[in-house]
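Residue numbers (my numbering): 806 to 1070.
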């Protein structure tokens, strides 16, 4: 082949290649654009997948935290309920203990009151008897009063026996002089005039300041009169009128003197 021919073939070939390249350029561009779009789609899918996985992880973590919070809340609710039950039990126990304490306090007050009353019943008390001051034991006072009840009921012999026992049991009692007076009065009541006069005479000698002296002398005068010694009785009644003016005994003695003194004609 000649050089011209070769040159012409080369030019034609180059022209053909250029024409082919020009006609094929849009196709190459399309191929390039499809690859980029595919790559972008793949990248987008990857991002979506990654985002979904991230979202799922976050959801799982959120659910885990929610479960933990729910369990914690349930435990808190259970704890609160248990505490309420324990508080209710404690309130019940406190109420029971309070009632028991109130009952014990009431029984203690009653016991103390009873004990205090018993102690006071045994303690001597200050008393004034016929002008005499001193302490009187409760049993002592009770024994004396019981004897006087016998006198008031008319049991003179019982009175004498009780007061005689009283004097032996309480020889230093401030009620001793009174017991002696009432023994003399009771002796007069059973018409033991001699014993009555002796007892009351001893009473007068031992208690010269007693407020019962007028009654003692009047009873002696009555015993003398009832035993038949009118002269001695009149002297005794006169003494009562003279020594104890204004007293009921003096008035009674004056009437007795008038009744036992013969009238002058």
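Every residue, glycine too, gets a C-beta built ideally from N, C-alpha and C. Small disclaimer: the values here were computed from a predicted structure and weren't measured.
| Check | Outcome |
| --- | --- |
| Under 7 Å between the Cβ atoms of residue 1054 and residue 1042? | no |
| Can you check DSSP and say which residues form a bridge with residue 947? | None; residue 947 has no bridge partner. |
| Just mark residue 1029 as buried or exposed, buried being the case when its beta carbon has 16 or more other beta carbons within 10 Å. | buried |
| Who are the Cβ neighbours of residue 1051 in its own chain at under 7 Å, not counting the five residues just before and after it? | none |
| Classify residue 898: buried if its beta carbon has 16 or more other beta carbons within 10 angstroms, exposed otherwise. | exposed |
| By the three-class DSSP mapping on this structure, what secondary structure does residue 1033 have? | coil |
| Quick test of your reading: residue 984 and residue 1005, contact by CB under 8 Å. State the CB separation rounded to the nearest angstrom. | The pair is not a contact, with the Cβ atoms about 13 Å apart (cut-off 8 Å). |
| Between the Cα of residue 977 and those of 940, 1018, 986, 963, spot the shortest distance and give me the residue it belongs to. | 940 |
| List the endpoints of the continuous beta strand (DSSP E) containing residue 959. | No beta strand (DSSP E) contains residue 959, which DSSP labels as neither H nor E. |
| Is residue 908 helix, strand or coil when you go by DSSP? | helix |
| Starting from residue 992, trace the alpha helix (DSSP H) in both directions and tell me its first and last residue. | 981–994 |
| Indicate the three-state DSSP secondary structure (helix, strand or coil) for residue 1051 in the structure shown. | coil |
| According to DSSP, is residue 862 helix, strand or coil? | helix |
| For residue 843 and residue 879, what's the separation of their Cα atoms in angstroms? | 52 Å |
| Near residue 883, which residues of its chain fall below 7 Å by C-beta distance, leaving aside the five closest residues on each side in sequence? | none |
| Following the continuous alpha helix (DSSP H) through residue 1001, name the residue where it begins and the one where it ends. | 998–1011 |
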